[in-house]
């Protein structure tokens, strides 16, 4: 390789709606970007990958061709690090079974491709470029449509025996609680995701007569950002919704602390736009309920990565990991 | 060192009632053993250590003197691996604050001394000599007077940012549930320890008229082993107590799986004498409640270590770890 050639990796943030590709240099600059719709290919994963490759080849050409790309990292729902497969992802129409997506991209592009779930990718991104630089033990909680998590112990991602560890969004926090997309009841994500916040709003509106700005919005169109806007205007019900959400999340984090006694919880995702409205009740509930020996130890931080780029950067950080491993294996 | 000299380590199992010392060879043979009462020294930790040293020196002499001992490992409640201190152990009268026990023994004996909590020591013992040999990701659950845990990720003990990780007995499983010794409510150990089982028995006896052999025992003297004996005789109430206990523990384990997706849960301690009476409901509740992606993956095992020696062996395994580290540091 020419010493003057600047190497890149590809990061793929595979979301339920969009699949965003970024070509990233070693300094975390996204030098080229493209995206395709994740849905619209029915259950045909080949068609999806073909669309991705068409879009991807254009931006690969922009940076000087595939010879400059060292590896690719994918952050995807239910992405398995060990196998490179997406396993039973309920929100991806072409991934109802086990889909070997990393291999499909690797075969097509001729570069190493690694995959993990989106929250793990975010944690790797945070460790590589963000608030978790230098941390050896932390828990990343992603608050989006669902609740995801990436756990780091002794400086290493926790993948578990099967590559699928770190699904704290599916810890059951309320027995016989709200129905979850996973088929069970009372999972953390039914309360503390963006969807969960909207659900709480609808419950209060339909079960009480309390006045709130949220009544001005059609019931089935209320989103978590409407609750943020109303709370920012001083709406009592909206503020209570964040209190309720933050309390459940803070109590859950107090339970999580017993596992790896993290130096920080790092919160990331759309819901964190609510800022202190959500972060303060998380902190209060955590401090009130955490076991005495852990009190005052874990920082409660908001991700330092730009929301729009964090997922792609996280996936790219995984790309750098696999690029370096491959370089070592090849001497 | 003479090549013919056989090296040993000391293992100390520091329990609430007894402190058991074993001198252990590299093949897990306990070649000498002694014990002192843990209590009876008021809040005077110097007095406790002095008593320990008096007893310990006798067995050290039996194996040929301190020159043959490479290191010592201590398994103690609230034992901190990083600092070698016992921190706020509610059941140890001389450890209400922070007690630098590893240093005290190290200074007195002139050998390296490492400490961790008793459940972590059990996990290290299980990895070194028992059911977890070769496992990289597992969770050890100790069911004694309390509930302890030792968690292994990527082949390493999880100590966390402060050396105090792995306190799954204090995960809150029931909001506003039973009062716990830690000052909070609803911790796993208030239900699934030996004490918790006896508590369940007393609750049923005092709140119902149901016939049970357990009524023949004075209420304040019922122990978990009485429940085992009654259940073995076919007592319906006693069997239900284990069903209830196992269900809570199995559901808790299903939540724990989301953390490190372990290849096994290994149960250890007095309560496991109940055998399948307890293990079967644990398995059933786990299978019914665990997230689909983890289903059928984790084995539910009972410790393979001899109950009487497991804690000392676990502590000794930690001794070997520190002995090897010290040997490496000294070139």
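Chains as they are written, first to last, in this note's numbering: chain A, 7 to 337; chain X, 7 to 337.
The beta carbon of each residue, even a glycine, is placed where N, CA and C say it ideally should be.
Keep in mind the model is a prediction, meaning the values are calculated, not measured.
Rounded to whole angstroms, the Cβ separation of residue 325 of chain A and residue 17 of chain A is 6 angstroms, and the two are in contact under 8 angstroms. Assignment of alpha helix (DSSP H) within the region 155–223 of chain X, counting only whole runs of 4 or more residues, yields 195–198 and 200–213 in chain order. If you compare the alpha carbons of X/300, X/249 and X/159 with that of residue 285 of chain X, the shortest gap goes to X/249. With fewer than 16 neighbouring CB atoms inside 10 Å of its own CB, residue 53 of chain X falls in the exposed class. DSSP, reduced to helix, strand and coil, places residue 240 of chain X outside both helices and strands of the structure shown, so it counts as coil. Closest in C-alpha terms to residue 202 of chain A, from the list A/224, A/221, A/215 and A/231, comes A/231. Around the CB of residue 172 of chain A, 16 or more other CB atoms lie within 10 Å, so the residue is classed as buried. For residue 29 of chain X, the pairing in a beta bridge is given by DSSP as X/16 and X/38. Leaving aside the five residues that flank residue 76 of chain A on each side, the residues in its chain whose CB is nearer than 6 angstroms to its CB run, in chain order, 13, 15 and 329.
In this structure the region 89–100 of chain X does not touch the region 132–141 of chain X; the number of beta carbon pairs closer than 8 angstroms is below three. Under the 8 angstroms Cβ criterion, the region 186–196 of chain A does not count as touching the region 302–317 of chain X, having fewer than three qualifying pairs. For residue 117 of chain X, the secondary structure class from DSSP, reduced to helix, strand or coil, is coil. Neighbours of residue 295 of chain X in chain A, taken as residues whose beta carbon is under 8 angstroms from its own, are 178 and 190 in chain order. A contact is defined here as three or more CB-CB pairs under 8 angstroms, and the region 156–172 of chain A meets this definition with respect to the region 153–170 of chain X. Put simply, the backbone Cα of residue 218 of chain X is about 22 angstroms away from that of residue 278 of chain X. Listed along chain A are 166, 167 and 171, each with a C-beta nearer than 9 angstroms to that of residue 268 of chain X.
In this structure, residue 275 of chain A sits away from residue 81 of chain A, with a CB-CB distance that is not shorter than 8 angstroms. With the criterion set as a beta carbon lying under 7 angstroms from some beta carbon of chain X, the members of the region 144–166 of chain A are 157, 159, 160, 162, 164 and 166, in sequence order. Non-local C-beta neighbours of residue 247 of chain A in its own chain, meaning closer than 8 angstroms and more than five positions away in sequence, comprise 203, 206, 207, 210, 233 and 237, ordered along the chain. Using beta-carbon distances, residue 264 of chain X counts as an interface residue toward chain A, with a partner under 8 angstroms. Counting only Cβ-Cβ distances below 7 angstroms, residue 254 of chain X has no contacts in chain A at all, with the closest Cβ about 10 angstroms away. Residue contact check for residue 289 of chain A against chain X: no CB pair falls below 8 angstroms. The alpha-carbon of residue 239 of chain X is positioned some 20 angstroms away from that of residue 215 of chain X.
In the same chain as residue 225 of chain A, and ignoring 5 residues on each side of it, the C-beta atoms closer than 8 angstroms to its own belong to 208, 211 and 212, in chain order.
Around residue 261 of chain A, the beta-carbon contacts reaching into chain X at under 7 angstroms are 177 and 178.
At a Cβ-Cβ threshold of 8 angstroms, residue 153 of chain A and residue 199 of chain A count as neighbours.
The shortest C-alpha to C-alpha distance from residue 69 of chain X to any of X/31, X/263, X/119 and X/179 is the one to X/31. In summary, residue 79 of chain X is buried, with 16 or more beta-carbon neighbours lying within 10 Å of its beta-carbon over all protein chains present. Among the CB atoms of chain X, none fall inside 8 angstroms of the CB of residue 274 of chain A. Residue 292 of chain X counts as buried, since at least 16 other C-beta atoms from the protein chains shown sit within 10 angstroms of its C-beta. If you look at residue 76 of chain X, you'll find it in the beta strand (DSSP E) that goes 75–81.
In the three-state scheme derived from DSSP, where H, G and I count as helix and E and B as strand, residue 150 of chain A is classed as coil. Membership of residue 306 of chain A in the beta strand (DSSP E) is indicated by the continuous run 305–308. Between residue 64 of chain X and residue 40 of chain X, the gap from beta carbon to beta carbon is short of 8 angstroms.
Beyond the five residues adjoining it in sequence on each side, residue 190 of chain A comes within less than 8 angstroms, by CB distance, of 176 and 178 in the same chain, given in chain order. Burial is judged here by how many other beta carbons sit within 10 angstroms of a residue's own beta carbon; residue 253 of chain A has at least 16 and is buried.
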